[in-house]
Amino acid sequence: MFKKWASWILTAITVIIFGLSIYIIIGSSIAHQRQELFNILGYSYAVVPTSSMEGDKEDNFKAGSVVVIYQKPFEDLEINDIIVFKSLYENKLIIHRIIQKTESGFITKGDNNPVADQGFVTKSNYQGTYVSHFEFLGIGLWISDLRTIILGFALLGLVGLVIYQGVKLIIMVRKTEDETDSNENEE
Numbered sequence: 003m004f005k006k007w008a009s010w011i012l013t014a015i016t017v018i019i020f021g022l023s024i025y026i027i028i029g030s031s032i033a034h035q036r037q038e039l040f041n042i043l044g045y046s047y048a049v050v051p052t053s054s055m056e057g058d059k060e061d062n063f064k065a066g067s068v069v070v071i072y073q074k075p076f077e078d079l080e081i082n083d084i085i086v087f088k089s090l091y092e093n094k095l096i097i098h099r100i101i102q103k104t105e106s107g108f109i110t111k112g113d114n115n116p117v118a119d120q121g122f123v124t125k126s127n128y129q130g131t132y133v134s135h136f137e138f139l140g141i142g143l144w145i146s147d148l149r150t151i152i153l154g155f156a157l158l159g160l161v162g163l164v165i166y167q168g169v170k171l172i173i174m175v176r177k178t179e180d181e182t183d184s185n186e187n188e189e
């Protein structure tokens with residue numbers, strides 16, 4: 003009886019994980035196409051494609067770093083915060099430091115750039131605030147180039163897992179039915 007319950011619980015957990023994985027894959031793909039961040043509980047991740055934030059400050063990072071971003075309220079932003087925003091001139095996300103606050107919005111600049119960015123960051127194009135980063139030999143750039151392939155393999159693996167669990171469930175149900183039938187025949 004315990005094995006039966008354990009198997010059902012394991013199957014339910016697998017289905018839930020599969021559903022969440024599909025949600026994350028589809029949601030992040032849609033967000034990527036829209037040049038937006040995909041948030042889970044207020045946090046996102048992104049790969050930094052350029053060296054605009056390289057430097058000698060404690061919170062600098064290199065091209066290829068994977069950054070963790072939090073959806074901090076726009077009203078709480080301060081000078082020196084590193085933020086992610088959607089460019090007003092190009093269809094891409096930018097991660098730069100706030101250098102000035104004006105009535106029109108924030109002025110930003112990459113730490114490694116000689117001049118400030120054009121335009122202002124307003125609530126409408128603000129995406130989130132940098133929290134931390136990690137890097138491993140610039141693997142983030144490699145991953146971002148192969149993102150579609152990686153997501154495809156992940157989806158394929160998850161489909162395989164669901165098929166495996168489905169077959170396992172069918173075998174378990176048939177075995178239980180056979181045991182029930184044999185117990186009824188003995189009586």
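Read left to right, the sequence shown gives residues 3 to 189 (this note's numbering).
Note that CB positions come from ideal geometry on N, CA and C, so glycine has one too.
The structure displayed is predicted, hence computed values, not measured ones.
Classify residue i as helix, strand or coil using the three-state DSSP reduction.
i      : result
Val117 : coil
Ala156 : helix
Phe136 : strand
Lys111 : strand
Ser126 : coil
Lys74  : coil
Leu95  : strand
Lys103 : strand
Thr52  : coil
Ile81  : coil
Lys64  : coil
Lys88  : strand
So residue i and residue j are supposed to be a Cβ contact under 8 Å. How far apart are they, rounded?
i     : j      : result
Arg99 : Asp113 : 6 Å
Ile81 : Thr110 : Not really, about 10 Å apart at Cβ, beyond 8 Å.
Tyr45 : Tyr72  : 6 Å
Val50 : Ser23  : Not confirmed; about 25 Å, so no contact.
Have a look at the options and flag the residue whose alpha-carbon is nearest the alpha-carbon of residue i.
i      : options                       : result
Phe76  : Ile24, Ile32, Lys103, Asp119  : Lys103
Gly121 : Ala33, Gly107, Ser134, Val175 : Gly107
Gln37  : Lys94, Ile28, Phe63, Gly168   : Lys94
His135 : Val123, Thr124, Ser89, Val70  : Val70
Asn62  : Glu137, Asp180, Ser30, Gly21  : Glu137
Thr16  : Gly159, Gly130, Ala118        : Gly159
Phe87  : Glu181, Ala48, Arg176         : Ala48
Thr131 : Ile19, Leu39, Gly21, Ala14    : Leu39
Glu105 : Asp180, Val123, Ile18         : Val123
Ile19  : Asp180, Leu43, Val161, Gln35  : Val161
Lys125 : Ser184, Ser89, Val117         : Ser89
Compute the Euclidean distance between the alpha carbons of residue i and residue j, then round it to the nearest angstrom.
i      : j      : result
Asn41  : Val164 : 25 Å
Trp255 : Leu171 : Residue 255 lies beyond the range of the chain shown here (3 to 189); nothing can be said about it.
Val133 : Gln167 : 38 Å
Ala156 : Ile27  : 9 Å
Tyr91  : Lys64  : 24 Å
Asn127 : Lys59  : 26 Å
Ile32  : Trp10  : 33 Å
Leu12  : Lys5   : 10 Å
Gln1   : Met174 : An answer regarding residue 1 cannot be provided, because it is not within the stretch 3 to 189 covered by the chain.
Arg176 : Thr182 : 10 Å
Asp83  : Lys74  : 11 Å
Gly21  : Thr178 : 27 Å
Val169 : Asp180 : 16 Å
Gln35  : Gly29  : 10 Å
Ala14  : Val117 : 54 Å
* Contact between the region 54-62 and the region 85-100: three or more CB pairs below 8 Å? -> The region 54-62 is in contact with the region 85-100.
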